[in-house]
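Quick note, the sequence shown lines up with residues -3 to 254 if you use our numbering.
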Amino acid sequence: MENADSCRRAAAEAVADVEPPQLHEYLESVLDRASMVPATLTLESAAAMATDGHGFDEQYDHGVADEATADRDRSSGSDHDVVTHAAGVQLIYEGLRLTRALAHDEPWTKSDADAGEADLAILAADILVARGFYLLARTEAAGTAVRTVQSFGRDQTRRADLAAGDDPDPTAAIDEGDPAAIDANLERDVLELAVRTGAVAVGETPSPRLLALAENLADAAGTSFPAVEDCLTDLGPSVSDRSLEDHATDRATSATDP
C-alpha cells in the first residue's frame, strides 16, 4: 500500500543520521522487515476523522471527551505532519517490540557473538523509541505515547514476576496472568496510540467506533502484526491521495546531541 511505503520512508529518514554504519544498517533492517500497521492506521485515522470532523458516526461522538480535548489544537495538521507523526508511532512500537524480544530471549546468557548482537539490538531499540518520542513531542498524542511506554514497562515486570513464580497481583483477571496476553497489551496500546495520534493530527478526538476498530485489530493481531494489506483497509478518503509520498520527515536529532 502507498501509505505503508510512505510511512516506511519517513521512519527510515528519522534514523538516517545514526552512526556508526553497523548500527544504522541494523536499524534499516528492522524497519525493512516491519509491518507498517501502526503507522498506516495513524494515517487512515487522520483521514477518517478529517472527512467531516467527526469520522464514522458523529452521533457517537457527542459527549465523548478525551484527556486532551480541553486544550487541543483545533487546526488541521499538514500532510507532512501526519506522516511524521505516523512514523513516530511506528518507531516507538519497533523499539518496544525489539526490547520485548530481547527480554524474553536473554541472548546475553549465550555465546559472545549472541551477546554482541544483543548489545547492538538494545542500543537500536533505545534509539527507535527516542526518535519516535522526538517526532511526537510537540503533539497532543505525546501523553498517550508516554503512557504506552509506562504500561509496557509494568506489563513486562509483571510477566517476569509470573515467570519467576511470583504473582504480585493475585486479584488480576485470569487473562492478565497469561504471558501471551500480557505481551499483546503492547500491540493493543500501540494501536490506540495510532488512532489518537491520527485524530489529534487533524484537531479531532477519535470516535468510539475508530477506537473499537483498533481493539478489533489488536484482538486479531496478538503479538505480531500482519502485512498492512492483510488486515487494514482505508477508513476514509486516503491521506495518500494528497501526495504524502513526496514528503520527508524532519530529521530527528539524537537524544545525545547537545
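Virtual Cβ for every residue (Gly too), placed ideally from N, Cα, C. Since we're looking at a predicted model, the values are computed, not measured.
Presumed contact (8 Å Cβ cut-off) between residue i and residue j, rounded CB distance
| i | j | result |
| --- | --- | --- |
| A12 | A35 | Actually they are not in contact, since the Cβ atoms of A12 and A35 sit about 17 Å apart, beyond 8 Å. |
Neighbour-count burial assignment, residue i, 16 or more Cβ in a 10 Å radius
| i | result |
| --- | --- |
| T153 | exposed |
| E90 | buried |
| A111 | exposed |
| D53 | For D53, the pLDDT reaches just 37, beneath the cut-off of 50, and the residue's location in the model is therefore unreliable, leaving the point undetermined. |
| A82 | buried |
CB contact flag (residue i, residue j, <8 Å)
| i | j | result |
| --- | --- | --- |
| L189 | T140 | yes |
| G84 | G128 | yes |
| L98 | I118 | yes |
| A120 | L19 | yes |
| S74 | P202 | no |
| L132 | V79 | no |
| A210 | L187 | yes |
| S2 | V224 | no |
| A44 | L206 | yes |
| I88 | V125 | yes |
Separation of residue j from residue i, as counted between CA atoms
| i | j | result |
| --- | --- | --- |
| A114 | V26 | 14 Å |
| Y22 | N212 | 32 Å |
| H100 | T47 | 42 Å |
| A217 | P17 | 33 Å |
| Y130 | R5 | 17 Å |
| D57 | G161 | Only weak support is given to the placement of D57: the predicted model assigns it a pLDDT of 37, under 50, and the question is left unresolved by the model. |
| E102 | D151 | 17 Å |
| D28 | L37 | 18 Å |
| T219 | G199 | 30 Å |
| A169 | R96 | Unreliable positioning characterises A169 in this predicted model, as indicated by a pLDDT of 47, which lies under 50. The coordinate reading is nonetheless provided below. For A169 and R96, the distance between alpha carbons rounds to 22 Å. |
| T144 | P204 | 19 Å |
| Q86 | L94 | 12 Å |
Own chain residues within Cβ distance below 6 Å of residue i, not counting five before or after
| i | result |
| --- | --- |
| R184 | A214 |
| D155 | Checking the displayed sequence, the identity of residue 155 turns out to be Arg instead of Asp. So the list reads P175 and I178, once near-sequence residues are dropped. |
| F148 | L92 and L182 |
| A180 | G218 and T219 |
Spatial neighbours of residue i in its chain, beta-carbon cut-off 7 Å, leaving aside the 5 residues before and after
| i | result |
| --- | --- |
| R192 | A137, T140 and P202 |
| P33 | Per the sequence presented here, residue 33 reads as Val, with Pro not at that position. Cβ neighbours of V33 beyond the five flanking positions: F221, V224, C227 and L228. |
| Q146 | none |
| E24 | A8 |
Close beta carbons around residue i, own chain, < 8 Å, minus the five adjacent residues each side
| i | result |
| --- | --- |
| D77 | A197 |
| L116 | Q18, L19 and Y22 |
| E15 | none |
| A159 | P175 |
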